[in-house]
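Visitor: Once you've had a glance at the structure underneath, I'll fire off some questions.
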Amino acid sequence: MLRAHLIDDVRRAEAAAMAHLPDGALMQRAAAGLAAAVLDVLGRAYGSRVLLLVGPGDNGGDALWAGARLAGRGVAVEALLLADRVHEAGLAALHAAGGRSTRDLDDLHDAPDLLVDGIVGIGGRPGLRPEAVAALEAYADVPVVAVDVPSGVDVDTGRLEGPHVRAALTVTFGTHKVAHLVDPASTASGALHLVDLDLDLIGGPAVEALQPDDVRGLLPRPGLDAQKYTRGVVGVRAGSSTYPGAALLAVSGANTGLVGMVRYVGPAHVADTVRTAHPEVVGAGRVQAWVVGPGGGDDAATMLAEARRDGVPVVVDADALGHLDEAAADWVLTPHAGELAAMLGAEREAVEAAPLEHARDAARRWGCTVLLKGHHTLVAAPDGRVRVTTTGVPWLATAGAGDVLAGLVGALLASGLEPHDAASVGSWLHGAAATQAAAGGPLTASRVAVQIPQVVRETLAGLG
Ligand SMILES: NC(=O)C1=CN([C@@H]2O[C@H](COP(=O)(O)OP(=O)(O)OC[C@H]3O[C@@H](n4cnc5c(N)ncnc54)[C@H](O)[C@@H]3O)[C@@H](O)[C@H]2O)[C@@H](O)CC1
Ligand SMILES: Nc1ncnc2c1ncn2[C@@H]1O[C@H](COP(=O)(O)OP(=O)(O)O)[C@@H](O)[C@H]1O
Ligand SMILES: [K+]
């Protein structure tokens with residue numbers, strides 16, 4: 065599991081570690097990891113040029129000490145000092161290793177190969193000062209390696225307010241931070257590299273992200289004595305004359321072999337189309353979970369009321385979300401930002417600016433799991449736990465992809481996974497299937513569903 069902690073928990077763990085370590089030991093570990101990661105990006109030391117952007121705190125100190133190490137390896141290192149006072153020992157070390165520093169952007173001429181953003185770290189307030197913005201604008205085409213976090217982002221919430229760094233790589237220390245994983249700040253973090261500081265983090269993670277091993281441990285697999293009914297039956301109530309395709313896509317997400325049987329209930333002509341494409345699918349009967357809503361149109365309210373009567377877990381998606389007055393604890397709601405905004409009486413922009421806060425609010429409000437779709441989909445539980453999906457590609461933002469996801473999550477619920485696991489494992493598989501199917505190019509929702517068994521196969525085999 066990849067875990068992200070809040071700043072206060074990081075500071076507590078750092079203080080505990082420093083109590084029994086020599087002075088500066090943690091910063092040296094951080095700087096060594098940072099220098100190694102920068103060298104990796106540069107590919108060679110001699111002939112490379114790096115510019116450090118240095119702010120007033122220990123984040124700047126990390127950058128300066130790493131700069132000293134890089135200068136010692138033959139990299140041409142300059143530091144632009146963006147504060148009246150910077151980390152003294154770090155600056156002295158940089159100078160001693162042959163690096164140079166200035167306070168004036170005009171002293172710098174040729175563009176470096178790489179910027180190292182040591183402006184602020186976990187002590188930073190959101191936004192950047194004009195001097196920092198000017199330096200970033202002067203080298204807008206140069207890739208940035210962020211130290212700990214891209215400066216200017218709101219580290220604990222993932223919000224973006226005001227100017228901030230856009231990193232190609234963020235080298236972080238001890239544990240991940242919320243802004244690395246949660247939108248919109250995750251889009252400013254680039255690739256992530258964690259330098260282990262051997263911290264003892266006592267507080268639980270603020271958010272976590274499933275890794276292939278976690279998914280392998282959670283995936284349902286049939287026992288030797290399995291029968292189709294013991295593996296779970298999922299039912300899909302979706303589609304209408306206006307949107308017959310949504311029924312097909314939801315069924316294709318449900319019918320990937322993860323349960324013993326799939327039922328479809330909907331208009332007769334839609335049911336015919338569904339069974340032509342998926343001959344395994346049967347009609348009404350007992351299920352262990354329902355998927356309700358994709359393409360339901362005006363029938364969505366009835367679909368939801370009928371599914372509710374069975375007292376089994378329900379995935380509530382798309383049109384059905386507009387008819388939700390109450391939910392049971394074992395339900396999963398799967399809105400995108402626009403749908404969640406309507407559910408909460410908020411503006412879509414407000415949800416997009418603070419998805420973590422809104423997903424948590426919704427999970428508490430309805431007392432069930434809420435899966436908020438987006439670039440990094442969030443799965444929030446009513447007790448505040450949140451998982452974030454880091455698989456997937458932007459090509460997945462395509463019509464019908466959400467219908468496939470709803471079907472897949474429903475199948476995992478029917479197989480017996482608890483709602484938080486079903487939603488987060490489903491979202492992980494959905495993203496991984498999209499990445500594989502897209503293979504660097506465009507994608508349609510149908511292709512995502514077709515790819516799911518292959519992703520399951522590789523995950524079970526430990527190839528993920
Ligand atoms: N906590 C840890 O476990 C470790 C922390 N280290 C480094 O220390 C950093 C935290 O250092 P600090 O606590 O000194 O804090 P920062 O270096 O993040 O900066 C805080 C300083 O920046 C100023 N400031 C705040 N917002 C600003 C803004 N938007 N623009 C300009 N100035 C701003 C503040 O007034 C304060 O002087 C971490 O991010 C990491 O890089 C590492 O050296 C090693 C381990
Ligand atoms: N920028 C993005 N990067 C990766 N995945 C995305 C991005 N934007 C949306 N997605 C994913 O694409 C899918 C779109 O679903 P949804 O909005 O419900 O569309 P539809 O209703 O047409 O099926 C969701 O799984 C969502 O997480
Ligand atoms: K930084």
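Numbering-wise (the numbering used here), the sequence shown opens with residue 65 and increments by one. Beta carbons: idealized from backbone N, C-alpha and C, even for Gly.
Who are the near neighbours of Ala-475 in its chain, counting only those whose CB is closer than 6 Å to its CB and skipping five residues on each side?
Guide: Excluding five sequence positions before and after Ala-475, the CB atoms of its chain that fall closer than 6 Å to its own CB belong to Val-298, Ala-318, Leu-322 and Val-323, given in chain order.
Visitor: Measuring only the C-alpha atoms, how far is Glu-421 from Thr-221?
Guide: 8 Å
Visitor: Given the structure, does Leu-116 come close to ligand 1, in the sense that its CB is under 7 Å from one of the ligand's heavy atoms?
Guide: no
Visitor: Please enumerate, following chain order, all residues with a beta carbon closer than 6 Å to at least one heavy atom belonging to ligand 3.
Guide: Asn-123, Asp-181, Gly-182, Ile-183, Val-184, Gly-185, Ala-210, Val-211, Asp-212, Val-213 and Ser-215
Visitor: Starting from the C-beta of His-440, find all residues in its chain whose C-beta is less than 7 Å away, skip the five residues before and the five after it, and write them out in chain order.
Guide: Leu-245, Val-246, Asp-247, Ser-250, Val-452, Thr-453 and Thr-454
Visitor: Reducing DSSP to helix, strand and coil, say where Gly-448 ends up.
Guide: coil
Visitor: Consider the C-beta atom of His-494 and the heavy atoms of ligand 2; say whether any pair is separated by less than 7 Å.
Guide: yes
Visitor: Pro-182 by DSSP, collapsed to three states: which one?
Guide: Per the sequence shown, residue 182 should be read as Gly rather than Pro. In the structure shown, Gly-182 adopts extended strand secondary structure according to DSSP, grouped into three states.
Visitor: DSSP three-state label for Ser-165, please.
Guide: strand
Visitor: Going by DSSP, name the residue or residues bridged to Pro-203.
Guide: Note on identity: in this sequence residue 203 is Tyr, with Pro being the wrong assignment. Beta-bridge pairing links Tyr-203 to no other residue.
Visitor: Helix or strand or just coil, what does DSSP make of Leu-117?
Guide: strand
Visitor: Hey, which unbroken runs of the alpha helix (DSSP H) at 4 residues or more fall wholly within the region 136–160?
Guide: 152–160
Visitor: Report the start-end ranges of each beta strand (DSSP E) in the region 211–255 that is 3 residues or longer and not cut off at the edges.
Guide: The region 211–255 contains these whole beta strand (DSSP E) runs: 233–237.
Visitor: Using a Cβ-Cβ cut-off of 7 Å (strictly less than) and excluding sequence neighbours within five positions of Gly-296, which residues of its own chain qualify?
Guide: Val-323, Gly-324, Gln-352, Ala-478, Ser-479 and Gly-480
Visitor: Anyone know if the C-beta pair for Asp-383 and Gly-360 falls short of 8 Å?
Guide: yes
Visitor: Please report the straight-line C-alpha distance between Ala-198 and Gly-216, rounded to a whole angstrom.
Guide: 14 Å
Visitor: For Leu-224 and Glu-416, I'd like the C-alpha separation in whole angstroms.
Guide: 10 Å
Visitor: Nearest CA to the CA of Val-489: which residue from Ala-502, Ala-503 and Val-473?
Guide: Selected option, being the one with the closest Cα: Val-473.
Visitor: At 3 residues or longer, and completely inside the region 332–414: list those beta strand (DSSP E) runs for me, N to C.
Guide: 353–356 and 378–380
Visitor: Does the distance from the C-beta atom of Gly-464 to that of Ala-310 stay below 8 Å?
Guide: With respect to the 8 Å criterion, Gly-464 and Ala-310 are classified as neighbours on the basis of their beta carbons.
Visitor: Which residues share a DSSP beta bridge with Glu-272?
Guide: Arg-67 and Arg-451
Visitor: Shortest alpha-carbon distance to Ala-406 belongs to which of Gly-386, Gly-495, Arg-193 and Leu-169?
Guide: Gly-386
Visitor: Here's a check: name, in chain order, each residue in its chain whose Cβ is nearer than 6 Å to the Cβ of Ala-140, leaving out the five neighbours to either side.
Guide: Arg-113
Visitor: Identify whether Gly-438 lies in helix, strand or coil by the three-state DSSP scheme.
Guide: coil
Visitor: Would you call the CB atoms of Thr-398 and Leu-469 closer than 8 Å?
Guide: yes
Visitor: Three-state secondary structure (DSSP) at Gly-107?
Guide: DSSP, read as helix, strand or coil, puts Gly-107 in coil.
Visitor: What do you reckon, is the C-beta of Arg-75 under 7 Å from a heavy atom of ligand 1?
Guide: Yes, the Cβ of Arg-75 comes within 7 Å of a heavy atom of ligand 1.
Visitor: Put Ala-471 into one of helix, strand or coil per three-state DSSP.
Guide: In the sequence under discussion, the amino acid at residue 471 is Gly, which differs from the Ala named in the question. If DSSP states are grouped into helix, strand and coil, Gly-471 belongs with the helices.
Visitor: Suppose the cutoff is 6 Å on Cβ atoms and the five residues either side in sequence are ignored; what does the same chain contact list for Ala-314 look like?
Guide: Val-300, Ala-302, Val-355, Pro-358, Asp-467, Ala-470 and Gly-471
Visitor: Do Arg-223 and ligand 1 come close, with the Cβ less than 7 Å from some heavy atom?
Guide: no
Visitor: What whole-angstrom Cβ distance do Gly-254 and Val-211 have, given they're in contact under 8 Å?
Guide: About 13 Å separates the two Cβ atoms, so there is no contact after all.
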